[in-house]
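Numbering (this note's numbering), first residue to last: 3 to 378.
Think of the CB as a built atom: it goes at the ideal place given N, C-alpha and C, for glycine as much as any other residue.
First comes the structure, then the notes that go with it.
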């Protein structure tokens, strides 16, 4: 079942978006880039932990993550992350506060034992984990909406920054036996979840679709050269990591398209089988990167960006993955249509993660199919 068209339309350029992006460029040219930098500087992130979370082993020196024997890493239990952020159009500045509970789920309150409501498990990368406060995350909004509708549920957000699609599947498979959700929502970020399938430093699939452990010493290779070729300038350089790195890799090596699609297909089959074994239904949620929603604007940021987007590899990969899901009869929620209809730059944060309005649209797209899955 599909809740939107499989092939994503190219959105018409928004005059408002054009003018806003031009205004940001003018601000930077005027020497006001520090306004944007205040929201991106690494020193702006503060991580605190308590209880068992404080004693967990940090993953590669990053306090927000801890070592996980299955997925390689996961968020720290009983932790809070605080940092500033703003919309891509410099609107809606926020001091973000994200809270993880004793089970490492992103939520404001602890869960009861035993659970007294139907449960949905959410997995995905940093776009599900979010650069928004817990109160503004799509899973919080969905849980709140379920209460208002008289059919309360728990939405367990196990999203984790840096995850590939395969790591999301590994995390879900590990959590299924304990939490036995009625639905598993896999949020696939179309801008880097496929490229990250090739990361040898974390648990991954090789090109023969064999499960491999991560090796921190393994070389990821090529990103620095691709980043130089794309040539983005502050404050837009984060778009490289949130879409254009994958697009440029596909432009340079089109053979990765089929390799990534095979790995993604294996991940889909593994997730569907694991969910079925525990009586759960999978909702595949396609979350678009900025370059897929605003290709003209992204291409105007640099000559390298324009070339990577004009190649079309990113869009072909997205469309072929959606077709793969449709061929399996999978339940697909395509968030891109809601994003294209809105057409405003504040769908994304200054670091090109989905921002607060984007989370509201994500929750809106999921509301009906999630309710249907939980009512079975």
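Give me the DSSP bridge partner(s) of residue 287. Within the chain shown, numbered from 1, the residue matching residue 287 stands at position 285. Answer by DSSP bridge pairing, in chain order: 189 and 335.
Going by DSSP, what residue range makes up the alpha helix (DSSP H) through residue 360? Locating residue 360 in the chain shown gives position 358, counting from the first residue. Its alpha helix (DSSP H) spans residues 358-376.
Rounded to the nearest angstrom, what separates residue 253 and residue 96 at their Cα positions? The residue labelled residue 253 in the question sits at position 251 within the chain shown. The residue labelled residue 96 in the question sits at position 94 within the chain shown. For residue 253 and residue 96, the distance between alpha carbons rounds to 36 Å.
CA nearest to the CA of residue 350, picked from 303, 318 and 292: In the chain shown, counting from the first residue as 1, residue 350 sits at position 348. If we check each option's Cα against that of residue 350, 292 comes out closest.
Count the other CB atoms within 10 Å of the CB of residue 1; is the residue buried (16 or more) or exposed (fewer)? Look at the range of the chain in this structure, 3 to 378, and you will see that residue 1 is not part of it.
Tell me whether residue 222 is buried or exposed, calling it buried when 16 or more other Cβ atoms sit within 10 Å of its Cβ. What you label residue 222 is simply residue 220 of the chain shown in a count that begins at 1. Result: exposed.
Does DSSP put residue 297 in a helix, in a strand, or in coil? By 1-based counting over the chain shown, the position of residue 297 is 295. Three-state DSSP puts residue 297 in a helix.
Can you list, in chain order, the residues of its chain with a C-beta nearer than 7 Å to that of residue 130? Leave out the 5 residues immediately preceding and following it. Here residue 130 refers to the residue found at position 128 when the chain shown is read from its first residue. Excluding sequence neighbours, residue 130 sits near 124, 159, 161 and 189.
Length of the line joining the Cα atoms of residue 166 and residue 195: Position 164 of the chain shown, counting from 1, holds the residue named residue 166. Position 193 of the chain shown, counting from 1, holds the residue named residue 195. Rounded to the nearest angstrom, the two C-alpha atoms are 5 Å apart.
Sequence ranges, beta strand (DSSP E) only - wholly within the stretch 95-153, length at least 3: 96-101 and 121-125
Exposed unless 16 or more other CB atoms sit within 10 angstroms - verdict on residue 200: Locating residue 200 in the chain shown gives position 198, where the first residue counts as 1. By the neighbour-count rule (16 or more Cβ atoms within 10 Å), residue 200 is buried.
Extent of the continuous alpha helix (DSSP H) to which residue 323 belongs: Counting from one through the chain shown, the residue named residue 323 turns up at place 321. Looking at the DSSP string, the run of the alpha helix (DSSP H) that includes residue 323 is 315-329.
Run through DSSP, which three-state label would residue 74 get? For this step, residue 74 is matched to residue 72 along the chain shown. DSSP places residue 74 in strand when its eight states are reduced to three.
Along the chain, where does the beta strand (DSSP E) containing residue 159 start, and where does it finish? For this step, residue 159 is matched to residue 157 along the chain shown. Note, residue 159: beta strand (DSSP E), 156-159.
Hey, out of 353, 208 and 360, whose CA is closest to residue 344's CA? The count along the chain shown starts at 1 and reaches residue 344 at position 342. Nearest option by C-alpha distance: 360.
Taking 7 Å as the limit between beta carbons, can you name the residues of its chain near residue 317, skipping five residues before and five after? As a working note, residue 317 is residue 315 in the chain shown. 294, listed in sequence order.
Tell me, to the nearest whole angstrom, how far the beta carbon of residue 99 is from that of residue 135; I am working on the premise that it is less than 8 Å. Position 97 of the chain shown, counted from the first residue, corresponds to residue 99. Position 133 of the chain shown, counted from the first residue, corresponds to residue 135. Rounded, the Cβ-Cβ distance is 5 Å, consistent with contact.
To the nearest angstrom, how far is the alpha carbon of residue 354 from that of residue 299? Looking up residue 354 in the chain shown gives position 352. Looking up residue 299 in the chain shown gives position 297. Approximately 13 Å between the Cα atoms of the pair.
What are the partner residues of residue 67, as DSSP defines its beta bridges? What you label residue 67 is simply residue 65 of the chain shown in a count that begins at 1. Paired residue(s): 77.
Beta-carbon proximity list for residue 172, same chain, < 7 Å, skipping 5 on both sides: Taking the first residue of the chain shown as 1, we reach residue 172 at position 170. Only 72, 73 and 205 meet the Cβ criterion.
Under 6 Å Cβ to Cβ from residue 274, same chain only, skipping five residues before and after it: list those, please. Here residue 274 is taken as the residue at index 272 of the chain shown, counted from 1. Once the five neighbours on either side are set aside, the close Cβ partners of residue 274 are 284.
Going along the chain, which residues of its own chain have a beta-carbon closer than 6 Å to the beta-carbon of residue 240, five neighbours each way excluded? Numbered from 1 along the chain shown, position 238 holds the residue referred to as residue 240. Once the five neighbours on either side are set aside, the close Cβ partners of residue 240 are 353 and 354.
According to DSSP, is residue 206 part of a helix, a strand, or is it coil? On the chain shown, position 204 is the one that residue 206 refers to. If DSSP states are grouped into helix, strand and coil, residue 206 belongs with the strands.
Assuming residue 364 and residue 289 make a contact with CB atoms under 8 Å, what is their CB distance in whole Å? Indexing the chain shown from 1 puts residue 364 at position 362. Indexing the chain shown from 1 puts residue 289 at position 287. Yes, they are in contact, since the Cβ atoms of residue 364 and residue 289 sit about 7 Å apart, within 8 Å.
Run through the stretch 228-271 for me and flag every whole alpha helix (DSSP H) of 4 or more residues, listed as ranges in chain order. 247-254
Check residue 274 in the structure and name its three-state DSSP category. Residue 274 sits at position 272 when you count from the first residue of the chain shown. It is helical.
On the CB-based measure, 16 or more other CB atoms within 10 Å of its CB, does residue 331 come out buried or exposed? Here the question's residue 331 lines up with position 329 in the chain shown. Burial call: exposed.
Using the Cβ count rule (16 or more neighbours within 10 Å means buried), how would you classify residue 255? Taking the chain shown and counting its residues from 1, the one referred to as residue 255 is at position 253. Counting Cβ neighbours within 10 Å, residue 255 comes out exposed, since fewer than 16 surround it.
By DSSP, does residue 46 sit in helix, in strand, or in coil? Within the chain shown, numbered from 1, the residue matching residue 46 stands at position 44. Three-state DSSP puts residue 46 in a helix.
Proximal residues to residue 306 (C-beta, below 6 Å), its chain only, five neighbours per side dropped: Looking up residue 306 in the chain shown gives position 304. These residues qualify, in order along the chain: 231, 232 and 233.
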